[in-house]
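Mind the numbering: the sequence shown is residues 9 to 327 in my numbering, read in order. We put the CB at the ideal spot given by N, CA and C, even for glycine. These notes are about the structure you will find just below.
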Amino acid sequence: MFGLILFYLTFTGWFTNTWISLWMLMEVSFMIFMGLLSVDSSYSISEMSMKYYIIQAFAGLVVLVSILLSFFATGYYVDGWLGIGLFIKLGLAPFHFWVISLLGKLGWAGAFFMLGPMKLLPMVFVFYSLDIVWMGVFLWGSICVGSVFGIGNSSAQKLLGYSGMVGVCWMIYSAAGGGTWCFFFFFFGYLLMLVVFCGFMSQVGIFYLNQFKLVFSDLVSKIFFFVFCLIFSGVPPFLGFFLKWWVSWFLVFSGFSFTVIFLIIMSLVSLVFYVQFWFYFMLIYSFEFKWYSCVFSNKFWFFFYFFCIFSITGLLFFY
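Structural data, given as structure tokens:
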């Protein structure tokens, strides 16, 4: 129920025509997400909910004050405060620590909404109020942090959080290069990969890399999980690659050639911790006997295999 309301509010924000209405939708969404945390979290929720509330309330207050100031004054200082509030809500560097500290303590449904739909409304503000050149330093810094800091991390959710920082930057650049429709193309592709990954990890009950040894033993499962890691990392010919290739094509024609080169280089760096998933999964924690047996329904495996095959044929979207 909370999830459906969140989806409705986040997509409604794209059709509002006033900043105050958009701000109200953003704040209502985060309050509803707190309700989702109380239902979904597998840890004690009091400290986590309080931390999330304080950070989001502070960021929302900064955004509101910036909106009110923009009615009476203009200048970089107004854009600067608005950018700080939005970057806190998006979890971009150097304001990403609160996101990483919460991830690993959430259930997978909460992690999905935090890294996916909850990013949508703040990005509406970013698209229509901030200059992409002004944001360049923060976006490049977030890409570096997200690509490098995920290496060597043993928490699956924290790895996904660092990956999500890079994904948000790709989304912002997709709107800068190709407009709203290009952004939605990338966003829904990313959302599809995210929901399948979170659903898979929730099904098997994995939160840390060393838990892989408790679940899997058959070769087919390992191969398909390896394929899924490649899909998320953006390796051709999978769906993640064609989403990034599509955005890069528009960025080059919009004059962001150096940005594209930087994005490609850092994507190669982030490939390390995606392959790290498979490395632990296939080599280190590969045993003939399992300590724990996880039984999957036929529908689950059908959907998971279909998604992997569908991603391999992602090239069809471009014809």
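Using a 10 Å radius around the Cβ and a threshold of 16 neighbouring Cβ atoms, would you call Pro125 buried or exposed? With 16 or more Cβ atoms within 10 Å of its Cβ, Pro125 is classed as buried.
Which of the three DSSP states, helix, strand or coil, is assigned to Ser241? Here Ser241 carries a helix assignment [DSSP, helix/strand/coil].
Residues bridged to Tyr216 by DSSP? Note: Tyr216 sits in a beta bridge opposite Ser163.
State whether the stretch 191-201 contacts the stretch 100-109, with contact taken as three or more CB pairs (one from each stretch) at a distance under 8 Å. These segments do not touch.
Leaving out five residues on either side along the sequence, give the residues of the same chain with a beta carbon under 6 Å from the beta carbon of Ser301. Note that Ser301 has pLDDT 45, beneath the 50 cutoff, so the model's placement of it is unreliable and no number is given.
Span of the alpha helix (DSSP H) around Ser262: First-last for Ser262: undefined, no H or E at that position.
Taking the CB atoms as reference points, tell me whether Phe264 and Tyr170 lie closer together than 9 Å. Contact flag unset, no.
Tell me, please, whether the stretch 91-101 touches the stretch 197-210 by the rule of three or more beta-carbon pairs shorter than 8 Å. No: fewer than three Cβ pairs fall under 8 Å.
Are the beta-carbon atoms of Leu129 and Phe281 separated by less than 9 Å? Phe281 is positioned such that its CB atom lies no closer than 9 Å to that of Leu129.
For Leu100, three-class secondary structure by DSSP: In the displayed model, Leu100 falls within coil according to three-state DSSP, outside both helix and strand.
Could I get the ranges of all uninterrupted alpha helix (DSSP H) runs contained in the stretch 131-191, with 4 residues as the minimum, in chain order? Complete alpha helix (DSSP H) runs here, min 4: 140-156 and 164-186.
For Phe215 versus Ser275, is the C-beta distance shorter than 9 Å? Their beta carbons are not under 9 Å apart, which means Phe215 does not touch Ser275 by this criterion.
What residue does the alpha helix (DSSP H) around Gly118 start on, and which one ends it? Annotation: the continuous alpha helix (DSSP H) that includes Gly118 extends over Trp116 to Leu123.
Looking at the structure shown, is Gly112 part of a helix, part of a strand, or coil, going by DSSP? Looking at Gly112 - three-state DSSP - the assignment turns out to be coil, as it is neither helix nor strand.
Does the distance from the C-beta atom of Val235 to that of Phe246 stay below 9 Å? Val235 places its beta carbon less than 9 Å from that of Phe246.
Backbone CA spacing between Met56 and Leu110 [nearest angstrom]: Approximately 7 Å, taken between the alpha carbons.
Rounded to whole angstroms, what is the Cα-Cα separation between Ile151 and Leu123? Taking the straight line from one Cα to the other gives about 15 Å.
Nearest-angstrom Cβ-Cβ length linking Ile75 and Ile28, presumed shorter than 8 Å: About 7 Å separates the CB atoms of Ile75 and Ile28; that is less than 8 Å, so the two are in contact.
Taking its Cβ as the centre, do 16 or more other Cβ atoms sit within 10 Å of Ser54, making it buried, or is it exposed? By the 10 Å Cβ count, Ser54 comes out exposed.
Take the Cβ of Asn161 as the centre, count every other Cβ of all protein chains shown within 10 Å, and call the residue buried at 16 or more, exposed below. Asn161 comes out buried.
Measuring CB to CB, does Met209 end up less than 9 Å from Met131? Taking 9 Å as the Cβ cut-off, Met209 and Met131 do not qualify as a contacting pair.
Roughly how far, in whole angstroms, is the beta-carbon of Gly186 from the beta-carbon of Phe258, given that I think they are within contact range, below 8 Å? Rounded to whole angstroms, the Cβ separation of Gly186 and Phe258 is 4 Å, and the two are in contact under 8 Å.
Which word fits Thr188, buried or exposed, when buried means at least 16 other C-beta atoms lie within 10 angstroms of its C-beta? With fewer than 16 other beta carbons inside 10 angstroms of its own, Thr188 counts as exposed.
Quick check: the Cα distance between Gly144 and Gly158, rounded to an integer number of angstroms? Cα to Cα, the separation comes out at about 21 Å.
CB Leu44 to CB Gly118, shorter than 9 Å? Inclusion of Leu44 and Gly118 in the CB contact set at 9 Å is warranted, their separation being smaller than that value.
Gly88 burial status per 10 Å Cβ neighbour count (16 or more: buried): Looking at its Cβ environment, which holds fewer than 16 other Cβ atoms inside 10 Å, Gly88 is exposed.
State the CB to CB distance for the pair Cys206 and Trp116, rounded to an integer number of angstroms; the pair is presumed to be in contact (CB under 8 Å). Between Trp116 and Cys206 the Cβ distance is about 4 Å, and since that is below 8 Å, they are a contact.
Which of helix, strand or coil DSSP assigns to Phe80: Under the three-state reduction of DSSP output, Phe80 falls in the coil class, being neither helix nor strand.
Taking the alpha carbon of Phe266 as the reference point, which residue from Val141, Ala183 and Val283 has its own alpha carbon closest? Considering only alpha carbons, the answer is Val141.
Can you have a look at Leu12 and say buried or exposed, based on whether 16 or more other CB atoms are within 10 angstroms of its CB? The residue in question, Leu12, is exposed, as its Cβ has fewer than 16 Cβ neighbours within 10 Å.
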